[in-house]
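Quick note, the sequence shown lines up with residues 119 to 278 if you use our numbering.
Ideal Cβ positions, reconstructed from N, Cα and C, are used throughout, including at glycine.
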Amino acid sequence: MKHIISVEVENRFGILARIASLFSARGFNIDSLAVGETEDPTVSRITIVVPGDNQVIEQVIKQLRKLIDVIKVVDLTSKPTVTRELILARVNARGKDRDEIMRLVEIFRARIVDVHPESLTLEVTGDEEKINGILTLLKPFGIKKLVRTGKVALLREIKS
């Protein structure tokens, strides 16, 4: 099972390297990793997607909490969350294919961010299912280049 772990850290030099070395030293794999500053510029949030059973994840969380610059570690997997990924995909787009790709862009609420006579570059954001869905439909046209972010996630705000 894949777990989504949110780690808040002091925004300091070297913390990402220490976290990555923690994973590699223990032989834990990382499926995706996204890092960015939070609403507080002194704090960064790292979202890590880690495969493993509950025992592995428990060990990962304990090890993360031991690091000096780590403020908070939360396993978001079983909690109500909003998750998103982003892709940029350059797709072959000639003739009638161009119109079909433009229809897919509209259906998936994507955006065309660059146009070339032979290709279109698309920006797509959404959950993993949406991203995988559009990629499946774009593949027959020929994906020339693809870049995909890691998953980012936030707990849903509970209504009071």
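> Based on Cα-Cα distance, which residue from ILE175, ASP217, ASN210, GLU126 lies nearest to ILE145?
Replying inline: By 1-based counting over the sequence shown, the position of residue 145 is 27. Looking at the sequence shown, residue 145 is not Ile but Gly. The shortest Cα separation from GLY145 among ILE175, ASP217, ASN210, GLU126 belongs to ILE175.
>> Can you list, in chain order, the residues of its chain with a C-beta nearer than 8 Å to that of GLN181? Leave out the 5 residues immediately preceding and following it.
In response: Taking the sequence shown and counting its residues from 1, the one referred to as residue 181 is at position 63. Cβ neighbours of GLN181 beyond the five flanking positions: LEU140, ARG144.
> Is the distance from the Cβ of GLY251 to the Cβ of ASN210 below 8 Å?
Replying inline: Stepping through the sequence shown from its first residue, residue 251 is reached at position 133. Stepping through the sequence shown from its first residue, residue 210 is reached at position 92. For GLY251 and ASN210, no; Cβs fall outside 8 Å.
>> Which residue marks the beginning of the beta strand (DSSP E) containing THR254, and which one marks its end?
In response: Here residue 254 refers to the residue found at position 136 of the sequence shown. THR254 -> not in any beta strand (DSSP E); alpha helix (DSSP H) instead, spanning 246-256.
>> Helix, strand or coil for ARG229? Go by DSSP, reduced to three states.
In response: Within the sequence shown, residue 229 is the residue found at index 111, counting from 1. Secondary structure at ARG229: strand, using DSSP grouped into helix, strand and coil.
> What's the C-alpha gap between LYS262 and LYS277?
Replying inline: On the sequence shown, residue 262 is found 144 positions in, with the first residue counted as 1. On the sequence shown, residue 277 is found 159 positions in, with the first residue counted as 1. Using only the alpha carbons, I get a separation of about 44 Å.
>> Measuring CB atoms only, is the stretch 266-277 touching the stretch 156-176, in the sense that at least three cross pairs come out at less than 8 Å?
In response: Counting Cβ pairs under 8 Å, three or more are found: they touch.
>> Here's a check: name, in chain order, each residue in its chain whose Cβ is nearer than 7 Å to the Cβ of ALA228, leaving out the five neighbours to either side.
In response: Along the sequence shown, one-based indexing puts residue 228 at 110. Around ALA228: LEU240, GLU241, VAL242, ILE252.
> At what residues does the beta strand (DSSP E) containing ILE133 begin and finish?
Replying inline: Your numbering for residue 133 matches position 15 in the sequence shown. The continuous stretches of beta strand (DSSP E) do not include ILE133, which lies in the alpha helix (DSSP H) extending over residues 133-143.
>> So the candidates are VAL233, ILE148, ARG266; which of them puts its Cα closest to the Cα of GLU246?
In response: Numbered from 1 along the sequence shown, position 128 holds the residue referred to as residue 246. Looking at the Cα atoms, ARG266 is the closest of the given residues.
> Quick one: what's got a C-beta closer than 6 Å to VAL64's C-beta in the same chain, skipping five residues either side?
Replying inline: Any question about residue 64 goes unanswered here, given that the chain covers just 119 to 278.
>> Using only CA atoms, which one of ASN172, LEU134, ILE122 lies nearest to VAL188?
In response: Residue mapping note: residue 188 aligns to position 70 of the sequence shown, counting from 1. Cα-wise, what sits closest to VAL188 is LEU134.
>> Pull the bridge partners of ALA207 from the DSSP assignment, please.
In response: As a first step, residue 207 must be located in the sequence shown, where it is residue number 89. Its beta-bridge partners are LEU240, LEU264.
> Out of curiosity, what's the CA-to-CA distance linking LEU151 and HIS121?
Replying inline: In the sequence shown, the residue the question calls residue 151 occupies position 33. In the sequence shown, the residue the question calls residue 121 occupies position 3. Near 12 Å, if we compare the C-alpha coordinates of HIS121 and LEU151.
> What's the call for SER237, buried or exposed, on a 16-neighbour Cβ count within 10 Å?
Replying inline: For this step, residue 237 is matched to residue 119 along the sequence shown. Label assigned to SER237: buried.
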